[in-house]
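Those letters in the sequence shown? Residues 2 to 523, by the numbering used here. For glycine and all other residues, C-beta sits at the position ideal for the given N, C-alpha and C. Notes for the one structure printed next.
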Amino acid sequence: MSEKQKIVRAAGVLGGATMISRIMGMVRDMVVSRLFGAGLATDAFFAAFQIPNMLRRFFAEGALTAAFVPTFSATLNQKGETEARELANICFTLLTVVMAFITLVGIIFSPLIVSIMFPGFKVEPGKFELAVLLNRLMFPYIFFISLVALFMGILNTLRHFFVPAISTVFLNISMILAALGLRGYFDAPITALAVGVLAGGVVQLLMQLPVLWNKGFPIRLNFNFNSPEIRRVTLLMIPSIFGVGVYYLNIVVSAILASQLPQGSVSYLYYAQRLFEFPQGIFTVSVAQAVLPSMSKQAAIGDIDGMKESLSFGMRLTLFITVPAMAGLVACSTPIFSLIFMGGAFDYSKVVNSSQALLYYSLGLSFVAMTRVLAPAFYALKDTKTPVYTAFIAFVLNLCLSLVLMGPLKHGGLALASSLSAFCNMLMLLWFLRRKIGLIGGKAILRTGAKSLAGSVPMTGAVWYICSLIDWSHTGQKLLKATVLGGAIMCGTFIYLITVRILKTEEAMDAVSMLRRKLGRQ
2 MSEKQKIVRA AGVLGGATMI SRIMGMVRDM VVSRLFGAGL ATDAFFAAFQ IPNMLRRFFA
62 EGALTAAFVP TFSATLNQKG ETEARELANI CFTLLTVVMA FITLVGIIFS PLIVSIMFPG
122 FKVEPGKFEL AVLLNRLMFP YIFFISLVAL FMGILNTLRH FFVPAISTVF LNISMILAAL
182 GLRGYFDAPI TALAVGVLAG GVVQLLMQLP VLWNKGFPIR LNFNFNSPEI RRVTLLMIPS
242 IFGVGVYYLN IVVSAILASQ LPQGSVSYLY YAQRLFEFPQ GIFTVSVAQA VLPSMSKQAA
302 IGDIDGMKES LSFGMRLTLF ITVPAMAGLV ACSTPIFSLI FMGGAFDYSK VVNSSQALLY
362 YSLGLSFVAM TRVLAPAFYA LKDTKTPVYT AFIAFVLNLC LSLVLMGPLK HGGLALASSL
422 SAFCNMLMLL WFLRRKIGLI GGKAILRTGA KSLAGSVPMT GAVWYICSLI DWSHTGQKLL
482 KATVLGGAIM CGTFIYLITV RILKTEEAMD AVSMLRRKLG RQ
């Protein structure tokens, strides 16, 4: 099986598992929006949840994955399973110690952390105190989910993608069950959600262990912190903490600034981010996670040409998927919110405000996606410094643009600033990577992007027209709304696929040929 086929197959497995997880995430958000709406309690919860979530993305899924996977892959391919197993156990031990310390510090200093990150909460009585309580309850989540991220890196390198991807379903299930069953047991009902988050982290961790054992990687404590490989992982992690997390830093900056805006702004941005991350989680992250083991292996054995081909294919596949997704989100932002969230405490004014944020976030979908595929190329080459330079510039740009745009556009300006800074980050990563390894098939990438954009134009027109046939401001009518929106999406997808097929887009041709081979074998 070629590397291209391995990437497509892995991305398919990851995408399928992640789609289930994202659907459950949407169900979770529907439950939360119906039960709690968008106000003081939800602002406090989403803000408090962002703090351990930010640390998870920086240290665990971000820096750890960027540093560990290339080193683990090189150790596995060059020194064998015994050395790789030892590296995994040392990383597990070190991560356990570090994250236990960070969790303890976070719980103790929660009031200080919340006051620094969300100073606007002190203005409203009870909001700050609730955010501190929720943050303390959820901070241990970072401990469990960091270990999950380590196990995910091991399993992905071993070409096992399904269980790590599907495990996030159980976080959503835990939160749904807690919201429905436990909210009556707390003075602040939204506290039940925090309990669900913590339970979900424990379940995700327990799911990974049997798979690791079956793969020949039983996890044990190993305090040999003088290992050369663990020093390499640590050195790579330090700069990549900021480099890989610029997108999430921008989200946190937006939340901090949104806390200064009218009540509900933090929640509008959160709900918009959730829908914005839906296509990312299913497609973009799946491609990035699938391509990193291939590029790490190719870099470890010195196959730079093969690595460039894997990267080029990953970028083309990303554009092929995210360009129409971007156009679809722009056309369907209000209908999506009306169908999924409208009802109960979530009225049409909240639909409009949330859809405005989604529209501006959607403009940056392809840029964020390309950044997520480009950054692993540097990590595969064990270069975690270059993404730091680009990330710092993008971060400063996002902050400046946010301060300028939040005046006229309110929370929408914060979303637009995030998209513009992602575009800047993508351009810089492309420029530095070309200087580092030479041409990466830029013409083919641009050709795929242009054809995907051409296919998205008639698709967007059809989707917008179908969605305009009904009034989305009315509550209820869920079946009618689902039928119209589902029909619009199906029609738009069909038009897009037909158009790119006529334009002979390579990724569409590859998908058809792979499907034919699979059906032929069956």
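Throw me the rounded Cβ distance for the residue i and residue j pair, which I believe falls under 8 angstroms.
i	j	result
residue 39	residue 265	5 angstroms
residue 427	residue 368	5 angstroms
residue 292	residue 311	6 angstroms
residue 380	residue 67	4 angstroms
residue 417	residue 406	6 angstroms
residue 194	residue 393	No, residue 194 and residue 393 are not in contact; Cβ-Cβ is about 34 angstroms, not under 8 angstroms.
residue 372	residue 353	At roughly 29 angstroms, the Cβ-Cβ gap does not stay under 8 angstroms, so residue 372 and residue 353 are not in contact.
If you reduce the DSSP assignment to three classes, tell me which class residue i lands in.
i	result
residue 396	helix
residue 1	Lying before the first or after the last residue shown, residue 1 is absent from the chain, which here runs from 2 to 523.
residue 8	helix
residue 493	helix
residue 344	strand
residue 383	coil
residue 482	helix
residue 216	coil
residue 264	coil
residue 86	helix
residue 302	coil
residue 160	coil
residue 96	helix
residue 194	helix
residue 21	helix
residue 488	helix
residue 375	helix
residue 364	coil
residue 38	coil
residue 295	helix
residue 168	coil
Give me the Cα-Cα distance between residue i and residue j, rounded to the nearest whole angstrom.
i	j	result
residue 30	residue 328	23 angstroms
residue 305	residue 198	42 angstroms
residue 20	residue 212	21 angstroms
residue 186	residue 140	21 angstroms
residue 209	residue 77	20 angstroms
residue 108	residue 70	30 angstroms
residue 331	residue 356	9 angstroms
residue 421	residue 401	11 angstroms
residue 146	residue 503	45 angstroms
residue 119	residue 131	12 angstroms
residue 383	residue 237	7 angstroms
residue 257	residue 82	45 angstroms
residue 515	residue 219	Because residue 515 carries a pLDDT of 48, less than 50, the predicted location of this residue cannot be relied on, and the following value inherits that uncertainty. Approximately 36 angstroms, taken between the alpha carbons.
residue 447	residue 103	44 angstroms
residue 204	residue 22	14 angstroms
residue 49	residue 270	14 angstroms
residue 347	residue 35	7 angstroms
residue 171	residue 201	6 angstroms
residue 522	residue 313	In this prediction, residue 522 scores a pLDDT of 46, lower than 50, which makes its location untrustworthy; no coordinate-derived value is stated.
residue 477	residue 42	25 angstroms
residue 88	residue 445	39 angstroms
Looking at the unbroken alpha helix (DSSP H) that takes in residue i, where does it start and where does it end?
i	result
residue 281	Unbroken run through residue 281: none, as it is neither H nor E.
residue 436	412-438
residue 186	From DSSP, residue 186 is part of no alpha helix (DSSP H); its letter is neither H nor E.
residue 330	305-341
residue 228	Where residue 228 is concerned, there is no enclosing alpha helix (DSSP H), given that its DSSP letter is neither H nor E.
residue 44	41-56
residue 66	66-80
residue 112	111-118
residue 473	Here residue 473 belongs to no alpha helix (DSSP H), and DSSP marks it neither H nor E.
residue 125	Per DSSP, residue 125 belongs to no alpha helix (DSSP H) and is neither H nor E.
residue 222	No alpha helix (DSSP H) contains residue 222, which DSSP labels as neither H nor E.
residue 506	Residue 506 -> no alpha helix (DSSP H), and no H or E assigned at all.
residue 456	443-468
For residue i, does the count of other Cβ atoms within 10 angstroms reach 16, so buried, or fall short, so exposed?
i	result
residue 403	buried
residue 519	Bear in mind that a pLDDT of 44 at residue 519, under 50, signals an unreliable position, so the number given afterwards is only what the model happens to contain. Flag for residue 519 reads exposed.
residue 412	buried
residue 54	buried
residue 289	buried
residue 466	exposed
residue 153	buried
residue 274	buried
residue 263	exposed
residue 111	buried
residue 303	exposed
Does the beta carbon of residue i fall short of 8 angstroms from some heavy atom of the ligand COA?
i	result
residue 182	Summarising the ligand content, the structure contains no ligands, and the ligand COA is consequently not present.
I want to see whether chain D comes within less than 9 angstroms of residue i, judged by CB atoms only; does it?
i	result
residue 506	Looking at the structure shown, chain D is missing, and only one protein chain is on hand.
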